[in-house]
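Here the structure comes first, spelled out in structure tokens, and everything after it is commentary.
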Amino acid sequence: MEIANDLPHLIESHQLRTHVNKMPLLSCRFLKSYREQRLAHLVLSFITMGYVWQEGNTQPEEVLPRNLALPLVEVSRNLGLPPILVHSDLVLTNWTKKNAEGPLEIGNLETIISFPGGESLRGFILVTALVETAAVPGIKALVQAVNAILQTSQDTLLQALQQLRLSIEDITRTLGQMHDYVDPDIFYAVIRIFLSGWKDNPAMPVGLIYEGVCTEPLKYSGGSAAQSTVLHAFDALLGVRHSKASADFLYRMRDYMPPSHKAFVEEIHAAPSLRDYVLSCGHGCLLTAYNQCLEALAALRSYHVTVVTKYLITAAAKAKGRRPNPLPRPPQALEFTGTGGTAALSFLKSVRDKTLEAILHPRG
Ligand code: HEM
Numbered sequence: 037m038e039i040a041n042d043l044p045h046l047i048e049s050h051q052l053r054t055h056v057n058k059m060p061l062l063s064c065r066f067l068k069s070y071r072e073q074r075l076a077h078l079v080l081s082f083i084t085m086g087y088v089w090q091e092g093n094t095q096p097e098e099v100l101p102r103n104l105a106l107p108l109v110e111v112s113r114n115l116g117l118p119p120i121l122v123h124s125d126l127v128l129t130n131w132t133k134k135n136a137e138g139p140l141e142i143g144n145l146e147t148i149i150s151f152p153g154g155e156s157l158r159g160f161i162l163v164t165a166l167v168e169t170a171a172v173p174g175i176k177a178l179v180q181a182v183n184a185i186l187q188t189s190q191d192t193l194l195q196a197l198q199q200l201r202l203s204i205e206d207i208t209r210t211l212g213q214m215h216d217y218v219d220p221d222i223f224y225a226v227i228r229i230f231l232s233g234w235k236d237n238p239a240m241p242v243g244l245i246y247e248g249v250c251t252e253p254l255k256y257s258g259g260s261a262a263q264s265t266v267l268h269a270f271d272a273l274l275g276v277r278h279s280k281a282s283a284d285f286l287y288r289m290r291d292y293m294p295p296s297h298k299a300f301v302e303e304i305h306a307a308p309s310l311r312d313y314v315l316s317c318g319h320g321c322l323l324t325a326y327n328q329c330l331e332a333l334a335a336l337r338s339y340h341v342t343v344v345t346k347y348l349i350t351a352a353a354k355a356k357g358r359r360p361n362p363l364p365r366p367p368q369a370l371e372f373t374g375t376g377g378t379a380a381l382s383f384l385k386s387v388r389d390k391t392l393e394a395i396l397h398p399r400g
């Protein structure tokens with residue numbers, strides 16, 4: 037915790053690796069509760085990203101020392117998470133209220149562990165946390181919708197779909213707060229590297245050796261909101277079918293979710309098909325409500341494309357034009373690719389287009 041609490045300063049002053057190398061070997065035996073284990077994963081994965089990327093893209097550390105690797109791998113096994121920073125570390129576990137009685141608003145929230153990137157890093161994490169909060173009524177609506185189908189209650193299903201659409205629209209509005217709190221240049225040049233993984237990443241082509249765990253290097257993707265359960269679950273209910281390449285990537289991202297979250301998505305997927313039900317019941321209002329959910333989801337994904345364009349593509353072009361510049365040079369190999377290592381924009385547009393393709397047209 038001492039190292040983690042001072043992480044931005046230790047990274048910026050190039051001292052983190054020295055501190056970690058002197059760290060005692062910690063045992064996970066003393067972690068009593070689930071919350072303590074999640075905190076341990078949060079802390080150890082943040083330190084790991086800092087350790088690997090302390091010197092930026094040019095000199096990633098390709099060996100994680102055993103006193104960091106062993107407890108990270110142990111707590112990861114206990115939690116069923118990979119031994120790398122995941123969305124549930126960066127966002128879901130990483131916020132606290134300043135005033136416990138106060139509202140869930142950005143002014144009353146603080147991150148627990150940070151990287152360099154100051155207010156932009158804080159904004160990036162907390163806006164994403166607020167996006168997850170905006171999704172809560174939508175997640176509840178999924179459960180309501182599945183139950184309504186099982187009980188053939190069309191009124192309840194209609195209400196659930198209307199609730200789901202409102203929640204998706206609220207997510208889109210909340211995502212817009214990114215512009216108020218996150219500077220694209222800082223995101224691109226400073227923050228992004230600490231979210232980068234060691235799979236499909238030309239800066240670390242062979243992966244990372246977890247000393248004391250395995251002699252072969254291991255490959256893991258970086259942290260991304262593609263690891264959030266929310267859109268996976270929405271797609272599962274609405275029956276959105278992605279292209280093979282996109283679906284492969286998204287399925288892989290499910291292994292970066294807490295196992296109970298992954299199980300939730302699978303359960304929604306295994307439930308009786310909403311699409312079939314809407315088509316077979318011939319209820320026009322249900323069909324409209326279903327289509328409106330898809331339109332709202334596609335609009336969210338289109339908006340996300342504009343955010344990614346601003347924070348990655350335009351920021352990359354600006355950084356190129358400005359060199360040499362005072363901000364560290366971002367990893368060349370990572371330019372125009374997402375932190376999860378996919379060719380970001382074409383993937384995101386395909387995922388958006390497939391959402392629209394799911395729209396149902398009335399029969400006859
Ligand atoms: C500056 C802000 C953001 C940037 C630059 C960004 C960038 C990206 C990139 C590059 C991908 C491609 C997959 C990957 O490489 O991991 C992606 C996927 C994704 N992002 Fe973001 N993202 C941002 C914020 C968010 C937020 C706040 C959310 C929450 C709604 C989000 C939700 C998703 C989802 C769900 C995917 C998977 C594709 C999909 O299902 O549509 N992103 N993001």
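Just so we're on the same page, the numbering used here is the position in the sequence shown counted from 1, plus 36. We treat Cβ as the ideally placed atom computed from N, Cα and C, and that holds for glycine.
From what residue to what residue does the alpha helix (DSSP H) around residue i run?
i	result
threonine 324	320-344
leucine 162	154-170
lysine 385	380-393
threonine 192	190-211
threonine 265	265-274
tyrosine 224	Note, tyrosine 224: premise wrong, no alpha helix (DSSP H); not H, not E.
tyrosine 287	280-290
threonine 352	Residue 352 is actually alanine in this sequence, not threonine. Run containing alanine 352: 351-358, per the alpha helix (DSSP H) assignment.
glutamate 141	Looking at the DSSP string, glutamate 141 is not in any alpha helix (DSSP H), and its letter there is neither H nor E.
Between residue i and residue j, is the Cβ-Cβ spacing less than 7 angstroms?
i	j	result
tyrosine 347	proline 241	no
asparagine 93	alanine 225	no
serine 232	glycine 258	yes
tyrosine 256	isoleucine 120	yes
leucine 78	threonine 132	no
isoleucine 222	glycine 153	yes
glutamine 328	arginine 228	no
isoleucine 39	histidine 50	no
tyrosine 292	valine 122	yes
arginine 290	arginine 337	no
alanine 196	valine 276	no
leucine 194	alanine 325	yes
histidine 305	alanine 272	yes
tyrosine 217	valine 163	yes
valine 344	alanine 379	no
leucine 52	leucine 46	yes
glycine 248	leucine 104	no
leucine 186	leucine 274	no
Taking the alpha carbon of residue i as the point to measure from, which residue in the options has its own alpha carbon closest?
i	options	result
glutamate 252	Ser81, Val301, Leu178, Glu98	Glu98
glycine 159	Ser189, Val249, Met214	Met214
serine 189	Arg277, Leu104, Val314	Val314
leucine 392	His278, Glu303, Ala40	His278
arginine 102	Lys255, Met59, Thr350	Met59
glycine 230	Gly143, Leu330, Ile161	Here residue 230 turns out to be phenylalanine, not glycine, going by the sequence shown. Considering only alpha carbons, the answer is Ile161.
alanine 269	Glu168, Gly248, Leu100	Glu168
threonine 342	Lys385, Lys354, Ile142	Lys385
valine 109	Leu273, Glu146, Leu244	Leu244
glutamate 302	Thr210, Val182, Lys68	Val182
glutamine 198	Tyr339, Leu323, Pro295	Leu323
leucine 254	Lys235, Glu155, Ile47, Ser124	Lys235
proline 295	Leu140, Glu91, Leu115	Leu115
phenylalanine 82	Pro107, Glu141, Arg209, Leu126	Leu126
leucine 211	Pro398, Ala335, Cys64, Asn135	Ala335
glycine 174	Ile207, Trp89, Leu145	Ile207
serine 63	Tyr70, Ala76, Glu141	Ala76
glycine 320	Ser69, Met37, Leu178, Pro398	Pro398
serine 382	His340, Ala351, Gly357, Arg358	His340
For residue i, count the other beta carbons within 10 Å of its own beta carbon; 16 or more makes it buried, fewer makes it exposed. Which is it?
i	result
tyrosine 87	buried
tyrosine 287	exposed
asparagine 41	exposed
lysine 74	It is arginine, not lysine, that sits at residue 74 in the sequence shown. With 16 or more Cβ atoms within 10 Å of its Cβ, arginine 74 is classed as buried.
tyrosine 246	buried
valine 172	exposed
lysine 298	buried
asparagine 237	buried
phenylalanine 151	buried
proline 308	exposed
proline 367	With a pLDDT of only 48 at proline 367, under 50, the local geometry of the prediction cannot be trusted, and the value read off the model is given with reservation. Answer is buried; the Cβ neighbour count reaches 16.
serine 260	buried
leucine 100	buried
serine 264	buried
methionine 85	buried
phenylalanine 285	buried
serine 316	exposed
alanine 170	buried
Name the two residues that bound the continuous beta strand (DSSP E) containing residue i.
i	result
leucine 145	145-147
lysine 255	Counting along the chain, lysine 255 falls outside any beta strand (DSSP E), and DSSP gives it neither H nor E.
lysine 133	131-133
Nearer than 6 angstroms: is that true of the beta carbon of residue i relative to any heavy atom of the ligand PLP?
i	result
threonine 345	Absence of the ligand PLP from the depicted structure is noted, with the ligand HEM being the only ligands included.
If you scan the region 37-117 from start to end, which runs of the alpha helix (DSSP H) of 4 or more residues do you find wholly inside it? 38-41, 43-48, 52-57, 70-89, 102-115
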